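Colleague: First the structure, then my questions, so here it is.
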Amino acid sequence: MDETMEHATDNDAGAMAFFDHVRELRRRLIVSMLCLGVGFVVAYLLHDRYIHWLLKPIGEQVYITSIEEGFMMKLRVSAYVGLILSFPVHVYNVVAFVTPALTGRERSFLRAMLAGSMALLLIGGYLAYFQILPLSFQFLKNPAFVPEGAGTLLGYQKNLLFALRLLFAFIILFQLPLVMILLMAMNLVDRRQMLKCSRYVIVLIFVLSALLTPPDPVSQIGLALPLIILFYLSILAARIFRFGEPD
521 MDETMEHATD NDAGAMAFFD HVRELRRRLI VSMLCLGVGF VVAYLLHDRY IHWLLKPIGE
581 QVYITSIEEG FMMKLRVSAY VGLILSFPVH VYNVVAFVTP ALTGRERSFL RAMLAGSMAL
641 LLIGGYLAYF QILPLSFQFL KNPAFVPEGA GTLLGYQKNL LFALRLLFAF IILFQLPLVM
701 ILLMAMNLVD RRQMLKCSRY VIVLIFVLSA LLTPPDPVSQ IGLALPLIIL FYLSILAARI
761 FRFGEPD
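Residue numbers for the sequence shown follow the numbering used here, so the first one is 521 and each next one is one higher.
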């Protein structure tokens, strides 16, 4: 009888712990959604201050070609920028939710991964905006691609989305090395096998670069080459810390 009551008590405690986790997850999701909404409002109100910065690499005047284009683009860009502004809150909520279940060593590893993620985000954004984006626009505006007698009228929407697409491609794909390191740290991927398959990884990198960047070769190669370097650096880091060595 006592054993039965003790077993029932353990089940009740487990159920309470489960529902506590569900409530905590719900609370953090609500906070994240509210911060996303606040980020959108802030981005919408400050739209005119940063839109010039986004269009600066084009180097020429752009034109709105339809009556609703300006309003719709303001909403879309504000959503993108609002997501970026609220991103630290989303990361914090994920970390705060997961951390209590981790050991001290796992927490240190997670903090290192977060620091690496922010560093790669900044590096990817810098490389895209200050290096690849101007080169890409310069390449595509080459007079050799414009028929004789034809003028060039740069549209606001297409060129702004061009710039945003390139920026987000760099920011997102620059996180792939951390995904690799995480998989190797969990011994889900064999480091030596990954190195043997490097030629296929390189092909995959070029395919992803072609799919996620604008169609010009400058942006595709400009994204693929740093990713290849980061791939080999992640293999080197895994070797130093002896990750990816499953028994």
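A virtual CB, placed ideally from N, CA and C, is assigned to each residue, including glycine.
Note that this is a predicted model, so its numbers are computed, not measured.
(1) Check for me: the alpha helix (DSSP H) holding G590 runs from which residue to which?
(2) Classify G579 as helix, strand or coil using the three-state DSSP reduction.
(3) Can you give me the C-alpha to C-alpha distance between D568 and L684, rounded to a whole angstrom?
(4) If you count every other CB in all the chains shown that lies within 10 Å of the CB of M706, and 16 or more means buried, which is it?
(5) By Cβ distance, which residues of its chain are closer than 7 Å to L728, with the 5 residues on each side in sequence left out?
(6) Mark V597 as exposed unless 16 or more other C-beta atoms lie within 10 angstroms of its C-beta, in which case mark it buried.
(7) Can you tell me the Cα-Cα spacing of R548 and L708, whole angstroms?
(8) Exposed or buried, which one is T733 when buried takes at least 16 other CB atoms within 10 Å?
(9) Could you tell me the boundaries of the alpha helix (DSSP H) in which V666 lies?
(10) Under DSSP, the alpha helix (DSSP H) around N510 begins and ends at which residues?
(11) Just tell me which of I691, Q740, P608 and Y600 has its CA closest to the CA of M659.
(12) I'd like the list of long-range same chain contacts for L680, defined as Cβ closer than 8 Å, with 5 residues on each side in sequence excluded.
(13) When you compare only the Cα positions, how much space is there between A730 and R712?
(14) To the nearest angstrom, how far is the alpha carbon of A528 from that of T619?
(15) Taking 8 Å as the threshold, find out whether the region 695-703 comes into contact with the region 748-762 through three or more Cβ pairs.
(16) Enumerate in chain order the residues of its own chain whose CB-to-CB distance from F560 is below 7 Å, with the five nearest sequence positions on each side excluded.
Modeller: Concretely, from the data shown:
(1) E589 to V618 is the extent of the alpha helix (DSSP H) around G590.
(2) coil
(3) Note on geometry: alpha-carbon atoms of D568 and L684 lie some 16 Å from one another.
(4) With fewer than 16 other Cβ atoms within 10 Å, it is exposed.
(5) Correct list, in chain order: L693.
(6) buried
(7) 29 Å
(8) buried
(9) Where V666 is concerned, there is no enclosing alpha helix (DSSP H), given that its DSSP letter is neither H nor E.
(10) Nothing can be reported for residue 510, as the shown portion of the chain is limited to 521 through 767.
(11) A quick correction: the sequence has Phe, not Met, at residue 659. Closest by alpha carbon: Q740.
(12) I571, L574, L575, V582, M593 and V597
(13) 27 Å
(14) With a pLDDT of only 49 at A528, under the threshold of 50, the placement of this residue in the model should not be trusted; the figure read from the coordinates follows. Rounded to the nearest angstrom, the two C-alpha atoms are 29 Å apart.
(15) Enough Cβ pairs lie closer than 8 Å, so yes.
(16) Closer than 7 Å at Cβ, skipping near neighbours: S598, A599 and G602.
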